[in-house]
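K.L.:
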């Protein structure tokens with residue numbers, strides 16, 4: 001990889017995300033049982049299994065890949081996570097056109113378009129104790145490090161996402177089912193921010209060594 | 001976990017098989033997990049589509065039939081259905097007169113129904129949506145996802161289903177739905193947690209001498225945890241916030257006391273015996289009462305109280321014939 005990733009690399013990212021969610025499925029469900037409805041791990045695992053089943057043969061381009069991932073998540077996850085994660089990928093695709101190789105700046109712009117889509121659909125703001133608390137700082141970190149290449153941008157983004165995830169612990173939720181707990185939602189990590197961090201950590205691990 | 005299951009992953013698919021076997025008036029689209037009336041929608045009749053996570057039975061699939069819903073999309077347990085499920089239900093029942101989506105106010109349900117309505121509109125189906133948000137336990141809507149949709153949904157599906165059966169157009173059906181939705185208030189209390197089959201253990205821990213006040217219907221903890229109280233005291237915890245939230249005198253009303261799945265009917269009646277005088281005292285003129293498991297939260301012990309301020313038209317439509325697995329009278 002010389003400053004750019006191919007469709008195959010991005011397929012590897014999605015597979016790595018599936019594997020990470022499976023490995024942490026019980027933890028995601030446990031977090032969700034504390035402040036939600038105990039289904040985040042199983043729903044994401046089921047949806048990502050459906051996604052991976054559609055990736056062989058690999059889609060022709062990153063744009064096609066993200067469209068397939070988004071449509072499949074929307075139609076197989078349910079809950080709020082289906083439309084939100086689905087929208088993330090559905091909005092990433094169109095920014096990439098027919099390109100088959102993607103550099104750090106382009107992938108960063110695609111991620112930003114995806115996260116903006118999530119914000120538009122879910123209407124969450126930073127600090128509401130949602131996946132946005134991990135995704136939004138990750139985007140900024142990506143952009144700041146993009147000049148140093150893909151591996152560095154992904155590392156910075158994953159670190160920022162993890163910090164954003166950890167910062168959800170003391171927050172009182174203002175969106176989603178956890179918001180019904182009011183003050184009682186404080187003291188727990190947000191499950192959505194936790195799975196979103198897995199997404200960026202999977203990207204970091206996939207791109208480690210990329211220029 | 002002791003439950004009637006074969007494989008926790010197949011609970012929904014296998015339950016749908018049972019619904020199809022039990023009710024010849026219904027048809028199950030197993031692929032899309034949609035429960036429909038066996039008869040196609042009469043030409044010119046507005047269709048009612050609801051849906052949501054499973055685990056609240058008889059809602060919604062048990063309310064499909066003449067005088068109530070035309071179709072219900074069944075999500076996984078406590079997980080809203082996906083947009084393509086709702087789209088499949090919508091397209092299957094549209095006679096050309098349009099479709100009303102009845103959505104309970106949970107983030108997932110709202111997002112998936114929104115996406116489905118956009119897709120249906122693109123396919124040329126006229127869709128109106130009503131979002132039920134009746135749970136008075138949620139007081140600070142600004143800082144939450146808003147009030148949850150609970151018991152008013154059942155009463156709305158009955159009343160609005162009757163109007164659609166009479167041949168009213170989509171605008172009138174949607175207008176009545178919004179009126180019923182605005183007239184309903186609910187409050188729930190849980191004595192135990194519940195067990196999602198895929199999770200295998202109770203969603204939260206609740207000691208024997210405590211209860212959760214202000215619960216929704218997804219096994220989530222409530223707004224506060226307090227010491228277990230007598231039925232008389234619990235009745236007050238349910239009635240007071242509802243009456244307070246109405247503000248003005250309620251007058252004629254339809255009342256639903258629903259068990260949450262793990263509370264026997266004898267306790268529900270005992271509880272209603274305490275609720276009835278409190279409602280009367282507060283100026284609620286109870287015209288119709290429904291008691292039993294109508295909107296449940298798997299095996300949770302507990303109950304939710306719903307009061308819908310009802311005008312003459314709502315009462316007339318409430319009494320109209322209904323033929324569904326969950327509600328059946330006048331036919």
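Protein chains in written order, with the numbering used here: chain A, 1 to 211; chain B, 1 to 331. Backbone N, C-alpha and C fix where the C-beta goes; we use that ideal spot for every residue, glycine too.
1) Mind checking if residue 1 (chain A) is an interface residue toward chain B, Cβ cutoff 9 Å exclusive?
2) Listed from N- to C-terminal order along the chain, which residues in the stretch 73-105 of chain B have their beta-carbon within a distance smaller than 7 Å of any beta-carbon of chain A?
3) Counting contacts by CB-CB distance shorter than 9 Å, is residue 57 (chain B) in contact with chain A?
4) Does residue 67 (chain A) get closer than 9 Å to chain B when you measure Cβ to Cβ?
5) Under the three-state reduction of DSSP, which class applies to residue 1 (chain A): helix, strand or coil?
6) For the alpha helix (DSSP H) that residue 215 (chain B) lies in, which residues bound it at each end?
7) Taking CB distances under 9 Å as the criterion, tell me whether residue 196 (chain B) reaches chain A.
8) With residue 199 (chain B) and residue 215 (chain B) assumed to form a contact (beta carbons below 8 Å), what rounded beta-carbon distance in angstroms separates them?
9) In the DSSP output, what is residue 101 (chain A) paired with across the bridge?
10) Would you tell me roughly how many angstroms separate the C-alpha atoms of residue 32 (chain A) and residue 279 (chain B), rounded to the nearest one?
11) State buried or exposed for residue 244 (chain B), treating a residue as buried only when at least 16 other CB atoms are found within 10 Å of its CB.
12) Mind pulling the chain A residues with CB within less than 8 Å of residue 211 (chain B)?
13) Is the CB-CB distance between residue 145 (chain A) and residue 153 (chain A) below 9 Å?
14) Are the C-beta atoms of residue 180 (chain A) and some chain B residue less than 9 Å apart?
15) If I follow the unbroken alpha helix (DSSP H) through residue 185 (chain B), where does it start and stop?
16) What residues from chain B crowd round residue 36 (chain A), counting only those whose CB sits closer than 7 Å?
17) Which residues in the same chain as residue 114 (chain A) place their Cβ atom closer than 7 Å to its Cβ, once the five residues preceding and following it in sequence are excluded?
18) Looking only at its chain, what residues have a beta carbon closer than 7 Å to the beta carbon of residue 327 (chain B), apart from the 5 residues adjacent to it on each side?
19) Going by DSSP, what residue range makes up the beta strand (DSSP E) through residue 306 (chain B)?
20) Count the other C-beta atoms from every protein chain shown that fall within 10 angstroms of the C-beta of residue 23 (chain A), then say buried if there are 16 or more, exposed otherwise.
21) Kindly indicate which residue of B:81, B:83, B:95 and B:105 has the alpha-carbon position closest to the one of residue 47 (chain B).
22) Can you name the residues that DSSP bridges to residue 47 (chain B)?
23) Output needed for residue 129 (chain B): all residues of its chain with C-beta closer than 7 Å, excluding positions within five of it in sequence on either side, in chain order.
24) Which word fits residue 332 (chain B), buried or exposed, when buried means at least 16 other C-beta atoms lie within 10 angstroms of its C-beta?
25) Between the Cα of residue 220 (chain B) and those of A:205, A:177, A:209 and A:198, spot the shortest distance and give me the residue it belongs to.
26) Are any of the Cβ atoms in chain B nearer than 9 Å to that of residue 12 (chain A)?
27) Does residue 201 (chain A) pass the burial test, meaning 16 or more other C-beta atoms within 10 Å, or should it be called exposed?
28) Look up residue 182 (chain A) in the DSSP assignment and say whether it is helix, strand or coil.
29) Should residue 329 (chain B) go down as buried or exposed, given a rule of 16 or more other Cβ atoms within 10 Å for buried?
30) Would you tell me roughly how many angstroms separate the C-alpha atoms of residue 124 (chain B) and residue 111 (chain B), rounded to the nearest one?
31) Check whether the stretch 256-265 of chain B and the stretch 290-297 of chain B touch, using three or more Cβ-Cβ pairs below 8 Å as the test.
32) Check the DSSP bridge columns for residue 290 (chain B) and list the partner residues they point to.
33) What is the rounded straight-line gap between the Cα of residue 170 (chain B) and the Cα of residue 161 (chain B)?
34) Note down, in chain order, each residue of its chain lying with its Cβ closer than 6 Å to the Cβ of residue 1 (chain B), except the 5 sequence neighbours on either side.
35) For residue 271 (chain B), return the contacting residues in chain A, with the cut-off set at a CB-CB distance below 7 Å.
P.N.:
Walking through what the data contain:
1) Sequence index remark: in the first chain, residue 1 (chain A) carries index 1 (1-based). Reliability of the predicted coordinates at residue 1 (chain A) is poor, the pLDDT of 43 falling under 50, and the value obtained from them is presented with this limitation in mind. Not closer than 9 Å to any Cβ of chain B, the Cβ of residue 1 (chain A) fails to qualify, so no.
2) 75, 76, 78, 79, 80, 81, 82, 83 and 84
3) For this step, residue 57 (chain B) is matched to residue 57 along the second chain. Cβ-Cβ to chain A under 9 Å: no for residue 57 (chain B).
4) Start at 1 with the first residue of the first chain, and residue 67 (chain A) comes out as number 67. Cβ-Cβ to chain B under 9 Å: no for residue 67 (chain A).
5) Walking along the first chain from the start, residue 1 (chain A) turns up at place 1. Any reading at residue 1 (chain A) must be qualified, since the residue scores a pLDDT of 43, below 50, and its modelled position is unreliable; no value is offered.
6) Here residue 215 (chain B) refers to the residue found at position 215 of the second chain. Unbroken run through residue 215 (chain B): none, as it is neither H nor E.
7) Here residue 196 (chain B) corresponds to residue number 196 of the second chain, with the count starting at 1. So yes, residue 196 (chain B) belongs to the interface.
8) To locate residue 199 (chain B), count along the second chain from 1; it is residue 199. To locate residue 215 (chain B), count along the second chain from 1; it is residue 215. In fact, because the Cβ distance is near 17 Å, the residues do not count as touching under 8 Å.
9) Within the first chain, numbered from 1, the residue matching residue 101 (chain A) stands at position 101. A:6.
10) Here residue 32 (chain A) is taken as the residue at index 32 of the first chain, counted from 1. Here residue 279 (chain B) is taken as the residue at index 279 of the second chain, counted from 1. Using only the alpha carbons, I get a separation of about 37 Å.
11) As a first step, residue 244 (chain B) is located in the second chain; it is residue number 244 there, counting from the start. Exposed, because fewer than 16 other Cβ atoms sit within 10 Å of the Cβ of residue 244 (chain B).
12) Sequence index remark: in the second chain, residue 211 (chain B) carries index 211 (1-based). Near residue 211 (chain B) there are no residues of chain A at all, since even the closest Cβ is about 15 Å away, more than 8 Å.
13) Position 145 of the first chain, counted from the start, is the residue given in the question as residue 145 (chain A). Position 153 of the first chain, counted from the start, is the residue given in the question as residue 153 (chain A). Result yes, Cβ atoms of residue 145 (chain A) and residue 153 (chain A) sit closer than 9 Å.
14) On the first chain, position 180 is the one that residue 180 (chain A) refers to. Answer yes: the Cβ-Cβ gap between residue 180 (chain A) and chain B drops below 9 Å somewhere.
15) Mapped onto the second chain, residue 185 (chain B) falls at position 185. That residue, residue 185 (chain B), is in no alpha helix (DSSP H); its beta strand (DSSP E) goes 184-190.
16) Numbered from its first residue, the first chain carries residue 36 (chain A) at position 36. The contacting residues are 220.
17) Within the first chain, numbered from 1, the residue matching residue 114 (chain A) stands at position 114. Excluding positions up to five away in sequence, the list reads 88, 89, 91 and 92.
18) In the second chain, the residue the question calls residue 327 (chain B) occupies position 327. For residue 327 (chain B), where only same-chain residues beyond five positions count, the Cβ hits under 7 Å are 63, 68 and 158.
19) Within the second chain, numbered from 1, the residue matching residue 306 (chain B) stands at position 306. That run of the beta strand (DSSP E) goes 302-309.
20) Here the question's residue 23 (chain A) lines up with position 23 in the first chain. Flag for residue 23 (chain A) reads exposed.
21) For the purposes of this step, residue 47 (chain B) is identified with residue 47 of the second chain, where counting begins at 1. Checked all of B:81, B:83, B:95 and B:105; the closest Cα to residue 47 (chain B) is B:95.
22) As a working note, residue 47 (chain B) is residue 47 in the second chain. Its beta-bridge partners are B:99.
23) As a first step, residue 129 (chain B) must be located in the second chain, where it is residue number 129. So the list reads 101, 103, 113 and 117, once near-sequence residues are dropped.
24) Summary: the structure shown does not reach residue 332 (chain B), with chain B confined to residues 1 through 331, and so no result is reported for it.
25) Here the question's residue 220 (chain B) lines up with position 220 in the second chain. Residue A:177 is the option with its Cα nearest to residue 220 (chain B).
26) Start at 1 with the first residue of the first chain, and residue 12 (chain A) comes out as number 12. Taking Cβ atoms only, chain B never reaches closer than 9 Å to residue 12 (chain A), which makes this a no.
27) As a first step, residue 201 (chain A) is located in the first chain; it is residue number 201 there, counting from the start. Classification for residue 201 (chain A): buried.
28) Working through the first chain from its first residue, we reach residue 182 (chain A) at position 182. Here residue 182 (chain A) sits in helix by DSSP.
29) Against the second chain, residue 329 (chain B) aligns to sequence position 329. Exposed: under 16 other Cβ atoms inside 10 Å.
30) The residue labelled residue 124 (chain B) in the question sits at position 124 within the second chain. The residue labelled residue 111 (chain B) in the question sits at position 111 within the second chain. If you take the alpha carbons of residue 124 (chain B) and residue 111 (chain B), they lie about 20 Å apart.
31) yes
32) Counting from one through the second chain, the residue named residue 290 (chain B) turns up at place 290. The partner list for residue 290 (chain B) (beta bridge, DSSP) reads B:256.
33) Taking the first residue of the second chain as position 1, residue 170 (chain B) is located at position 170. Taking the first residue of the second chain as position 1, residue 161 (chain B) is located at position 161. Near 12 Å, if we compare the C-alpha coordinates of residue 161 (chain B) and residue 170 (chain B).
34) Taking the second chain and counting its residues from 1, the one referred to as residue 1 (chain B) is at position 1. 195 and 200, listed in sequence order.
35) For the purposes of this step, residue 271 (chain B) is identified with residue 271 of the second chain, where counting begins at 1. Those do not exist, as residue 271 (chain B) stays about 23 Å from chain A at its closest Cβ, beyond 7 Å.
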